[in-house]
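Numbering (this note's numbering), first residue to last: 0 to 167.
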(Lines of atoms letter the chains of each structure in order from A and count residues from 1; the text may use other names and numbers.)
(Lines give C-alpha, C1' and ligand atoms only; values in the text may rest on other atoms or scores of the structure.)
Protein backbone atom coordinates (compact mmCIF):
# COMPACT_ATOMS: atom_id res chain seq x y z
CA UNK A 1 0.00 0.00 0.00
CA UNK A 2 1.33 3.42 -0.92
CA UNK A 3 1.84 6.06 1.74
CA UNK A 4 -0.67 8.93 1.75
CA UNK A 5 0.42 11.92 -0.29
CA UNK A 6 -0.49 15.57 -0.45
CA UNK A 7 0.40 18.27 -2.93
CA UNK A 8 1.18 21.68 -1.49
CA UNK A 9 2.20 24.53 -3.80
CA UNK A 10 3.02 22.02 -6.52
CA UNK A 11 5.24 19.89 -4.25
CA UNK A 12 4.16 16.32 -3.57
CA UNK A 13 4.69 15.27 0.02
CA UNK A 14 4.53 11.61 0.96
CA UNK A 15 3.86 10.70 4.58
CA UNK A 16 5.54 7.55 5.83
CA UNK A 17 4.37 5.65 8.88
CA UNK A 18 7.41 3.42 9.25
CA UNK A 19 11.14 3.75 8.45
CA UNK A 20 12.46 3.12 4.98
CA UNK A 21 13.90 -0.39 4.83
CA UNK A 22 17.34 1.11 4.10
CA UNK A 23 17.39 2.93 7.45
CA UNK A 24 15.50 0.43 9.58
CA UNK A 25 17.10 0.23 13.05
CA UNK A 26 16.64 -3.54 12.88
CA UNK A 27 19.20 -3.98 10.09
CA UNK A 28 22.23 -5.81 11.54
CA UNK A 29 24.73 -3.51 9.84
CA UNK A 30 23.12 -0.54 11.61
CA UNK A 31 23.46 -2.13 15.05
CA UNK A 32 24.28 0.28 17.86
CA UNK A 33 25.29 -2.47 20.31
CA UNK A 34 27.81 -1.29 22.87
CA UNK A 35 27.16 2.40 22.22
CA UNK A 36 26.06 5.14 24.57
CA UNK A 37 23.74 7.64 22.89
CA UNK A 38 22.90 11.14 24.14
CA UNK A 39 19.64 12.44 22.65
CA UNK A 40 19.17 16.17 23.25
CA UNK A 41 15.48 16.99 23.11
CA UNK A 42 14.66 13.29 23.51
CA UNK A 43 11.63 13.59 25.77
CA UNK A 44 8.98 14.15 23.10
CA UNK A 45 8.33 14.23 19.37
CA UNK A 46 11.06 13.49 16.88
CA UNK A 47 13.73 13.32 19.60
CA UNK A 48 11.79 10.64 21.46
CA UNK A 49 11.32 8.67 18.21
CA UNK A 50 15.08 8.89 17.63
CA UNK A 51 15.76 7.62 21.17
CA UNK A 52 13.31 4.76 20.63
CA UNK A 53 15.01 3.76 17.39
CA UNK A 54 18.41 3.66 19.08
CA UNK A 55 16.85 1.28 21.62
CA UNK A 56 15.55 -0.87 18.77
CA UNK A 57 19.04 -0.81 17.22
CA UNK A 58 20.43 -2.25 20.45
CA UNK A 59 22.28 0.70 22.00
CA UNK A 60 23.61 -0.23 25.44
CA UNK A 61 22.67 3.11 26.97
CA UNK A 62 20.43 5.95 25.83
CA UNK A 63 20.47 9.21 27.77
CA UNK A 64 17.42 11.40 27.22
CA UNK A 65 18.04 15.07 27.75
CA UNK A 66 15.16 17.47 28.32
CA UNK A 67 14.30 20.75 30.01
CA UNK A 68 11.35 19.35 31.99
CA UNK A 69 12.31 16.63 34.45
CA UNK A 70 8.84 15.09 34.71
CA UNK A 71 8.55 14.69 30.94
CA UNK A 72 12.10 13.35 30.54
CA UNK A 73 11.63 10.88 33.39
CA UNK A 74 8.35 9.60 31.94
CA UNK A 75 9.90 9.23 28.47
CA UNK A 76 12.85 7.25 29.86
CA UNK A 77 10.54 5.05 31.91
CA UNK A 78 8.43 4.17 28.86
CA UNK A 79 11.51 3.23 26.84
CA UNK A 80 13.00 1.19 29.69
CA UNK A 81 9.76 -0.76 29.91
CA UNK A 82 9.54 -1.35 26.16
CA UNK A 83 13.25 -2.09 25.59
CA UNK A 84 14.75 -3.86 28.62
CA UNK A 85 17.99 -4.55 26.72
CA UNK A 86 18.84 -0.84 26.73
CA UNK A 87 19.52 1.19 29.86
CA UNK A 88 17.59 4.42 29.31
CA UNK A 89 18.28 7.27 31.72
CA UNK A 90 17.32 10.93 31.73
CA UNK A 91 18.86 14.23 32.69
CA UNK A 92 17.50 17.74 32.89
CA UNK A 93 19.36 20.46 31.04
CA UNK A 94 18.53 23.67 29.18
CA UNK A 95 21.09 23.43 26.41
CA UNK A 96 20.77 27.14 25.68
CA UNK A 97 22.17 27.85 29.15
CA UNK A 98 25.95 27.48 28.88
CA UNK A 99 26.39 26.81 32.61
CA UNK A 100 23.89 23.95 32.48
CA UNK A 101 25.43 22.49 29.32
CA UNK A 102 28.90 22.67 30.90
CA UNK A 103 27.59 21.02 34.07
CA UNK A 104 26.05 18.22 31.99
CA UNK A 105 29.37 17.33 30.36
CA UNK A 106 31.30 17.79 33.61
CA UNK A 107 28.90 15.38 35.35
CA UNK A 108 29.18 12.81 32.55
CA UNK A 109 32.96 13.02 32.83
CA UNK A 110 32.85 12.66 36.64
CA UNK A 111 30.60 9.62 36.28
CA UNK A 112 32.96 8.18 33.64
CA UNK A 113 30.21 8.08 31.05
CA UNK A 114 31.58 8.31 27.53
CA UNK A 115 29.09 9.25 24.83
CA UNK A 116 29.56 7.54 21.45
CA UNK A 117 26.66 9.15 19.58
CA UNK A 118 25.14 12.60 20.07
CA UNK A 119 21.83 13.73 18.60
CA UNK A 120 21.37 17.50 18.78
CA UNK A 121 17.60 17.82 18.46
CA UNK A 122 16.91 21.08 20.27
CA UNK A 123 16.45 24.48 18.69
CA UNK A 124 15.25 27.90 19.67
CA UNK A 125 12.38 29.15 17.55
CA UNK A 126 13.38 32.36 15.77
CA UNK A 127 10.92 35.19 15.28
CA UNK A 128 9.32 35.25 11.87
CA UNK A 129 10.28 38.83 11.18
CA UNK A 130 12.93 40.49 9.08
CA UNK A 131 16.32 40.99 10.72
CA UNK A 132 15.74 44.71 11.11
CA UNK A 133 12.26 44.22 12.58
CA UNK A 134 13.42 41.76 15.21
CA UNK A 135 16.53 43.72 16.08
CA UNK A 136 20.16 42.85 16.67
CA UNK A 137 19.66 41.50 20.21
CA UNK A 138 17.00 38.99 19.18
CA UNK A 139 18.99 37.95 16.11
CA UNK A 140 22.07 37.40 18.28
CA UNK A 141 20.03 35.31 20.75
CA UNK A 142 18.85 33.12 17.89
CA UNK A 143 22.47 32.71 16.77
CA UNK A 144 23.52 31.76 20.31
CA UNK A 145 20.69 29.21 20.59
CA UNK A 146 20.91 27.62 17.15
CA UNK A 147 24.60 27.85 16.28
CA UNK A 148 26.77 28.50 19.33
CA UNK A 149 24.94 26.20 21.80
CA UNK A 150 24.94 23.13 19.49
CA UNK A 151 28.56 23.79 18.55
CA UNK A 152 29.50 23.78 22.24
CA UNK A 153 27.79 20.39 22.68
CA UNK A 154 29.63 18.91 19.71
CA UNK A 155 32.94 20.38 20.89
CA UNK A 156 32.56 18.79 24.34
CA UNK A 157 31.46 15.54 22.69
CA UNK A 158 34.62 15.36 20.58
CA UNK A 159 36.91 16.38 23.44
CA UNK A 160 35.76 13.72 25.93
CA UNK A 161 38.76 12.62 27.95
CA UNK A 162 39.63 8.96 27.51
CA UNK A 163 37.26 8.31 24.63
CA UNK A 164 38.89 6.05 22.05
CA UNK A 165 35.93 4.60 20.13
CA UNK A 166 34.63 6.13 16.93
CA UNK A 167 32.19 8.95 17.62
CA UNK A 168 29.07 9.52 15.55
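Just so you know, even glycine gets a beta-carbon here, dropped at the ideal spot from N, CA and C.
**Item:** Three-state class that DSSP yields for residue 122 in the structure shown
**Value:** Counted from its first residue, the chain shown places residue 122 at position 123. Note: residue 122 maps to coil in three-state DSSP.
**Spatial distance of residue 81 from residue 51 (CA atoms)** = Within the chain shown, numbered from 1, the residue matching residue 81 stands at position 82. Within the chain shown, numbered from 1, the residue matching residue 51 stands at position 52. One C-alpha to the other measures close to 9 Å.
**Prompt:** What first and last residue would you give for the beta strand (DSSP E) that runs through residue 22?
**Reply:** Residue mapping note: residue 22 aligns to position 23 of the chain shown, counting from 1. Where residue 22 is concerned, there is no enclosing beta strand (DSSP E), given that its DSSP letter is neither H nor E.
**Request:** Give the secondary structure of residue 54 by DSSP, where H, G and I count as helix, E and B as strand, and everything else as coil.
**Result:** Along the chain shown, read from residue 1 onward, the residue named residue 54 stands at position 55. Residue 54: helix per DSSP, three-state reduction.
**Asked** Taking the Cβ atom as the reference point for each residue, do residue 103 and residue 90 lie within a distance shorter than 8 Å?
**Response** As a working note, residue 103 is residue 104 in the chain shown. As a working note, residue 90 is residue 91 in the chain shown. Against a cut-off of 8 Å, the Cβ pair of residue 90 and residue 103 comes out as a contact.
**Request:** Within the stretch 40–92, note down every full alpha helix (DSSP H) run reaching 4 residues or more, in order along the chain.
**Result:** 44–55, 68–81
**Prompt:** On the premise that residue 38 lies in contact with residue 46, defined as a C-beta separation below 8 Å, what is that separation, rounded to the nearest angstrom?
**Reply:** Walking along the chain shown from the start, residue 46 turns up at place 47. Walking along the chain shown from the start, residue 38 turns up at place 39. That pair is a contact at about 6 Å.
**Prompt:** Among 85, 110, 74, which residue has its Cα nearest to the Cα of residue 36?
**Reply:** On the chain shown, position 37 is the one that residue 36 refers to. With distances taken between Cα atoms, residue 36 lies closest to 85.
**residue 100 in three-state terms, based on DSSP** = By 1-based counting over the chain shown, the position of residue 100 is 101. Correct three-state label for residue 100: helix.
**Asked** Any C-beta of chain C sitting closer than 8 Å to the C-beta of residue 20?
**Response** Within the model displayed, chain C is absent; a lone protein chain is all it includes.
**Request:** Please confirm whether residue 97 and residue 151 have their CB atoms less than 8 Å apart.
**Result:** Position 98 of the chain shown, counted from the first residue, corresponds to residue 97. Position 152 of the chain shown, counted from the first residue, corresponds to residue 151. Yes.
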